[in-house]
Each structure stands twice: as C-alpha cells, then as structure tokens.
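Using our numbering, you'd call the opening residue of the sequence shown number 2 and step up by one each time. Glycine included, each C-beta is placed from N, C-alpha and C at the ideal position.
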Amino acid sequence: MGPHPAVAAIRLAVRRVLHDILTDHHSTTDAAPHERPPSPLVLVACSGGADSMALASALAFEAPKLGIRAGGVTVDHGLQPGSDLRADEVVLRLRELGLDPVEATAVTVGREGGPEAAARDARYAALDGAADRHGAAAVLLGHTRDDQAETVLLGLARGSGIRSLSGMAAVSGAGGRYRRPFLQLDRQTARKACMAQSLPVWDDPHNTDPAYTRSRLRHEGLPALEKALGKGVVEALARTAQLSRDDADALDAWAGQAEAAVRDNTGLLECAKLYALPPAVRRRILRRAAIEAGAPAGSLFARHIEEIDRLITGWRGQGVINLPGKVVAQRQGGRLVIRQG
2 MGPHPAVAAI RLAVRRVLHD ILTDHHSTTD AAPHERPPSP LVLVACSGGA
52 DSMALASALA FEAPKLGIRA GGVTVDHGLQ PGSDLRADEV VLRLRELGLD
102 PVEATAVTVG REGGPEAAAR DARYAALDGA ADRHGAAAVL LGHTRDDQAE
152 TVLLGLARGS GIRSLSGMAA VSGAGGRYRR PFLQLDRQTA RKACMAQSLP
202 VWDDPHNTDP AYTRSRLRHE GLPALEKALG KGVVEALART AQLSRDDADA
252 LDAWAGQAEA AVRDNTGLLE CAKLYALPPA VRRRILRRAA IEAGAPAGSL
302 FARHIEEIDR LITGWRGQGV INLPGKVVAQ RQGGRLVIRQ G
C-alpha cells in the first residue's frame, strides 16, 4: 500500500524541485569529467507550521534518494513570549526527521514598511545568512497555492501593476536560491500530509490575528469572495499570478533591451525617446532608473512612477519630484535626471 495521497503529492512536488536543483548544481560545478560533483546541500525554512513541516518531511524523504544533503533552519522573530523555546522545539523535530545541519536563528524585527514587511525582511536576511554559512545550493519555502492567492489580492489592493499581481515566483532570490515546491498545492494538502505522518505542527496565533492584513484577508476576505463568486477563487487567483508573471517577465525583457536605446552618450535618459515607447515599457525603465539611483524597491509605488512619467508625457515645467530613499527626479534640457537629492 502506497503513502497517503497528500503525502504522495508533497513528495512529488519536492522531488521535481530537487531534480531541478541537482541539474542546476551540476551545470555550475567545476568538476573533472571523471569526478562526481560534490553533493549539494538543500535547506528547508521551517516555522513548525503545517506547510513547512510537510515540506521538511518531504525533503527528508526525497533528498537521500537523489544524493542530496538536506538541512533546515528556523527563524526566531522574537515577537511572542517563548519564541526561543518554540524555535528549539522545531530544531528537535527537524533533527528527528534526519535533517542535518539544522539551526535556529534569532532576528530583531524592525518597523520599516509595517510589521509584516519588517518580519519578512528580517526572515529572508536570516535565511540568506544561513545559506551562505552552510554553502547551501537552495532554500525551500513552504508557500502554498492559498498563500499565492492572498499575495495576488494584496498586490491588487496596492494597485502596483501587473508585477504585483504575479505573486510569488517558484524560483527567486540571487542565483535562484529560493524554491517554492508547493505553489500548485493547497494548504489543506500540506496539513493532511502532516496528519497522515503524525507530525506535530504549531499554529502561529499571528495567522488568526485580525491586526495583520494577511490574516484578515485569509479569514474574512477570501471566504467572502468564495461566497460571492463560488468555489475556485483560489485556483483562479493562482492561475492569474502565473499568467501575470509571464507577461511581466516579457515586458521586463523588452524594457531591458530598450533602455540602452533611450540613453544619450552620457547615460542620461532622453525624454523624446522615452515618450515614443509604450507606457508599460517606459515605466519599467523609469522604475529601474529610480532603484539604481537608490530608491528602495519596496517603497517605490505606482504613484511615484506615474509622477516621474508625467515629466515625459505631461511636461509643463514641473519642479523636482521627491522619491523614497532621498532620490529626486527632474527634467533638464530634454533629459530625465534621477539621482540622490
């Protein structure tokens, strides 16, 4: 008798991603033709919740069969009493699964961008640090199709364009460090897999705290949408994310190719040439220029890019436009200057 269907589903998802990681690793490893490349290390980011525990169990099962070393890291955000003890418990559970190396990393969560964004920034910084210390080829994240749907709706609420609607990428980070095997699986599959394997899970109270936007969306917004529109909203939103990502990637590539042609020999952007481009391409070039000048990507919203765009399409002698990160944009002699103010 085979494994429970939910267990089989999570293992298959992880197996596919591990094959991709192995292929990438072999293609970038300098080994003599007769030598076997060293085994890559793959870490799982685990909070102790159902999604990440299911992911950890699947990694522990599949990695040895492919000759991949498997480890884990849990991040202690320090936002709740006893979070350090909980992190120690997660470490023990990961070791019981056979993962090695395993570590808990404590972080200090700031306030920039709001509590959820600040916690996310601290978490990814910690995961980057762990991956660098251990020389990991990749870090697996337990985001599910439900998480993807929530991310799409949050992007829609921000009104930041098609890139926000594209949600989370299956592969992201420098060099494709972060992999998300569960983006095609729902949250219930991961929880059922944990139950079938008698894996203890921890339910983060923040996930049900209405003080957090994502929590309200999860427990109030999405159920209301499903009540009004019928079942299948989550699947449709996840599909929208993939279609939007394909479109956004194509437009980003177009903008990257077009950028060199709209700069003069000193590197400044020429307004007349920018004006001739389609708005979606032009605004991508403007956004990239603002980020290169020092504007934080996470603080640069659609309204900022629209203000810069009006220097191109609605020029009436406007003054300097202030952007996040103390960056300014202004039009001078038919050129667009974006720099530190």
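So the candidates are the options; which of them puts its Cα closest to the Cα of residue i?
i, options, result
"Val291", "His305, Leu278 and Val282", "In the sequence as displayed, the identity of residue 291 is Ala instead of Val. Selected option, being the one with the closest Cα: His305."
"Ala259", "Val282, Val92, Asn266 and Gln243", "Val282"
"Ser346", "Asp85, Ser216 and Ala150", "Here the chain covers residues 2 to 342 and nothing more, so residue 346 does not appear."
"Cys47", "His20, Arg87, Ala9 and Gly68", "Arg87"
"Arg285", "Thr267, Gly295 and Ile309", "Ile309"
"Val76", "Tyr125, Gly320, Gly68 and Ser40", "Tyr125"
"Ile163", "Val43, Pro4 and Pro280", "Pro280"
"Gly174", "Pro39, Asp133 and Pro211", "Asp133"
"Leu42", "Arg289, Ala273, Ala127 and His27", "His27"
"Glu236", "Arg192, Gln185 and Arg264", "Gln185"
"Gln341", "Trp316, Pro297 and Ala303", "Pro297"
"Ile69", "Leu19, Glu227, Ala118 and Val110", "Leu19"
"Met54", "Arg219, Leu200 and Trp255", "Leu200"
"Pro116", "Pro65, Leu128, Asp210 and Arg264", "Asp210"
"Leu301", "Val263, Ala71 and Arg159", "Arg159"
"Leu337", "Asp265, Gly299 and Ala303", "Asp265"
"Asp187", "Leu226, Val234 and Ala225", "Val234"
"Asp148", "His220, Gln198 and Asp122", "His220"
"Asp205", "Asp250, Arg317 and Ser216", "Ser216"
"Arg12", "Pro65, Pro39, Thr29 and Ala229", "Pro65"
"Ala171", "Gly318, Arg240 and Leu226", "Arg240"
"Leu252", "Arg288, Leu230, Ala229 and Leu223", "Arg288"
"Leu324", "Trp316, Ala303 and Thr29", "Ala303"
"Trp316", "Gln333, Val329 and Val328", "Gln333"
"Glu307", "Ala330, Gly299 and Lys232", "Ala330"
In the DSSP assignment, what are the bridge partners of residue i?
i, result
"Glu271", "Arg336"
"Thr106", "Val76"
"Tyr179", "Val140 and Ser173"
"Val43", "Ala71 and Ala139"
"Val328", "Leu324 and Gln341"
"Arg264", "Leu270"
Under 8 Å, do residue i and residue j count as touching if we go by C-beta distance?
i, j, result
"Ala194", "Ala14", "no"
"Gly335", "Glu271", "yes"
"Tyr276", "Ile313", "yes"
"Ile156", "Leu166", "Per the sequence presented here, residue 156 reads as Gly, with Ile not at that position. The answer is yes: Cβ separation under 8 Å."
"Ala57", "Leu93", "no"
"Ala139", "Arg181", "no"
"Thr190", "Met169", "no"
"Phe183", "Thr145", "yes"
"Leu238", "Leu154", "yes"
"Gln295", "Gly268", "First, the residue type needs correcting, since residue 295 is Gly and not Gln in the sequence shown. In this structure, Gly268 does not lie closer than 8 Å to Gly295 by Cβ."
"Gly49", "Val202", "yes"
"Leu141", "Val74", "no"
"Gly136", "Asp52", "no"
"Ala131", "Thr106", "yes"
"Ala118", "His78", "no"
"Ala123", "Val110", "yes"
"Ala197", "His5", "yes"
Please report the Cβ distance between residue i and residue j, rounded to the nearest whole angstrom; I am assuming they are in contact, meaning their Cβ atoms lie under 8 Å.
i, j, result
"Arg96", "Val103", "5 Å"
"Arg16", "Glu63", "5 Å"
"Leu67", "Leu23", "6 Å"
"Gly3", "Ala10", "With 8 Å as the limit, Gly3 and Ala10 do not qualify as a contact, their Cβ atoms being about 12 Å apart."
"Ala256", "Lys274", "Their Cβ separation, rounded to whole angstroms, is 13 Å, which puts Ala256 and Lys274 out of contact at 8 Å."
Uninterrupted beta strand (DSSP E) stretches inside the region 287–326 (no shorter than 3 residues): With a minimum length of 3 residues, the continuous beta strand (DSSP E) runs that stay inside the region 287–326 are 322–324.
Segments of 4+ residues assigned as alpha helix (DSSP H) that fall wholly inside the region 203–285: Look at the region 203–285 and you find these whole runs of alpha helix (DSSP H), each 4 residues long or longer: 214–217, 223–230, 234–260 and 272–276.
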